[in-house]
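One structure is given below, encoded as structure tokens.
In our numbering, the protein residues as written are 35 to 132.
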């Protein structure tokens, strides 16, 4: 679990996350906070971006998620997908750790 708290935070999730045990982020602020996803080493950046490989989604109750392919890697607890969309919250994608 990641607690972002007050102020601007950057949360980096990536290929090391087990989709059977997704990261849970609490207190994510769609205006102040940022989400970064680091790609699998064997995925080409252009393919990931053009195929919409990493994107926001939502579960059954409307809780926002970060999808990689069709798997949930992150739950944004207490945050709705509509809130992320309304604030144009970006997903920054990296092809390596830097």
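We treat Cβ as the ideally placed atom computed from N, Cα and C, and that holds for glycine.
A quick note: this is a predicted structure, and the numbers were derived from the prediction, not measured.
| query | By Cβ distance, which residues of its chain are closer than 8 Å to residue 90, with the 5 residues on each side in sequence left out? | reply | Residue 90 sits at position 56 when you count from the first residue of the chain shown. For residue 90, the CB contacts under 8 Å within the same chain, skipping 5 residues up- and downstream, are 98, 99, 100, 101, 115, 118, 119, 123 and 125 in chain order.
| field | Unbroken stretches of the alpha helix (DSSP H), 4 residues or longer, contained in the segment 46 to 117 | value | Whole alpha helix (DSSP H) segments, 4+ residues: 79 to 84.
| task | Leaving out five residues on either side along the sequence, give the residues of the same chain with a beta carbon under 8 Å from the beta carbon of residue 66. | result | Here the question's residue 66 lines up with position 32 in the chain shown. So the list reads 41, 42 and 43, once near-sequence residues are dropped.
| Heavy atom of the ligand PLP within 8 Å of residue 129 beta-carbon | The ligand PLP is not part of this structure, which contains no ligands at all.
| Nearest residue (CA-CA) to residue 110, options 64, 88, 72 and 104 | The count along the chain shown starts at 1 and reaches residue 110 at position 76. Ranking the options by Cα distance to residue 110, first place goes to 64.
| said: DSSP has residue 44 in a bridge; who is on the other side? | reply: Against the chain shown, residue 44 aligns to sequence position 10. Beta-bridge annotation (DSSP): residue 44 is paired with 68.
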